[in-house]
Structures are given as C-alpha cells and as structure tokens.
Amino acid sequence: MDVGAWLRGLGLGQYEAAFAENEIDASVLPDVTADDLREIGVASVGHRRKILAAAAQLAAPARADPAPGPMAPADAAERRQLTVMFCDLVGSTALSARLDPEDMRQVIRGYQDA
51 MDVGAWLRGL GLGQYEAAFA ENEIDASVLP DVTADDLREI GVASVGHRRK ILAAAAQLAA
111 PARADPAPGP MAPADAAERR QLTVMFCDLV GSTALSARLD PEDMRQVIRG YQDA
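The opening residue of the sequence shown carries number 51 in our numbering; numbering runs sequentially from there.
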C-alpha cells in the first residue's frame, strides 16, 4: 500500500513527506499513536484523529480472527425446499362456536392422536 496515496485520499497529502522521512509505511501505520503523529508534525488534533481512525480501519480486517464455522458469502444464495401442510376438521369452526374451549381442545386432541 502506498501511504502517500492513502494520505492524499484522506485529504491530508501535506503530511506525505513527514511520513516518508520518518519511514512510516503500511506495516507501521496501524501502530502509530497520536504522540507519534504530533512528533512528526501533525499539529491539528482533527488531522491526528482522522489519520488514527483511518489507520484503525486498515488494521481491523488484517487483525480480526476469521469467523468460526462454515459461512456462505453474503452474496451467495441458497435455495431450500419447504413443505407446508394444512389440515382442517370439517365443521370445526361451527363446532368451536358451540363447545367450551376445553371441550374443543379434547376433540382436536382426539383427532391429533388418531
């Protein structure tokens, strides 16, 4: 990775020479601190914060542990078949209007058991 291009992408190309003079390359960048940046001449707190946040984003994927277990890529789709079954007792709606809920439960339970 070209640190100069990275700095220019952040709108902070004015620090390219300072980074080069202090031999801050892509391998060192994730470990740079606010004190380091101050020492090489990054006087603005906002610029230091911007550089540190961008460096942390660079370091995150490289240092993160891979996700455990087999995972499909986010853009991969998987088609699965699904079977749905609906069963109904003929006249059960009218029967449920006439019976007590507990009695209706016993009728349905008898049907399920059969």
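By construction, the Cβ of each residue, glycine as well, lies at the ideal position given by its N, Cα and C atoms.
Q: Can you say whether Arg88 is buried or exposed, counting buried as having 16 or more other CB atoms within 10 angstroms of its CB?
A: Taking the first residue of the sequence shown as 1, we reach residue 88 at position 38. Looking at its Cβ environment, which holds fewer than 16 other Cβ atoms inside 10 Å, Arg88 is exposed.
Q: Just list the alpha helix (DSSP H) runs in the stretch 52-98, keeping only unbroken ones of 4 residues or longer that don't cross its boundaries, in chain order.
A: 53-59, 66-71, 84-89
Q | Status (buried if at least 16 other CB within 10 Å, exposed otherwise) for Phe69 | A | For the purposes of this step, residue 69 is identified with residue 19 of the sequence shown, where counting begins at 1. When all chains shown are included, Phe69 counts as buried.
Q: Return helix, strand or coil for Gln162, following the three-state DSSP convention.
A: Along the sequence shown, one-based indexing puts residue 162 at 112. The answer is helix: DSSP assigns Gln162 an H, G or I state.
Q. If you draw a straight line from the C-alpha of Ser77 to the C-alpha of Arg130, how long is it?
A. On the sequence shown, position 27 is the one that residue 77 refers to. On the sequence shown, position 80 is the one that residue 130 refers to. Ser77 and Arg130: Cα-Cα distance of roughly 45 Å.
Q | CB contact flag (Leu42, Leu108, <8 Å) | A | Beyond the ends of the chain as shown, which are 51 and 164, falls residue 42; an answer cannot be given.
Q | Neighbourhood of Ile90 by C-beta, 6 Å cutoff - its chain only, sequence neighbours within 5 removed | A | Residue 90 sits at position 40 when you count from the first residue of the sequence shown. Excluding sequence neighbours, Ile90 sits near Ala68, Asn72.
Q. Is it the case that the Cβ atoms of Ile74 and Val53 are separated by a distance below 8 Å?
A. Here residue 74 refers to the residue found at position 24 of the sequence shown. Here residue 53 refers to the residue found at position 3 of the sequence shown. Yes, the pair counts as a contact, with Cβ atoms nearer than the cut-off.
Q.
What does the Cβ neighbour count give for Ala105, buried or exposed, with the cut at 16 atoms within 10 Å?
A. Within the sequence shown, the letter at position 55 stands for residue 105. Ala105 should be labelled buried.
Q. So Thr143 is in the alpha helix (DSSP H); what residue range does that whole segment cover?
A. Here residue 143 refers to the residue found at position 93 when the sequence shown is read from its first residue. 142-148 is the span of the alpha helix (DSSP H), which, as asked, contains Thr143.
Q) Who are the Cβ neighbours of Leu57 in its own chain at under 7 Å, not counting the five residues just before and after it? A) In the sequence shown, counting from the first residue as 1, residue 57 sits at position 7. Sequence-distant Cβ neighbours of Leu57 in its own chain, meaning closer than 7 Å and more than five residues away, are Gly63, Tyr65, Glu66, Phe69.
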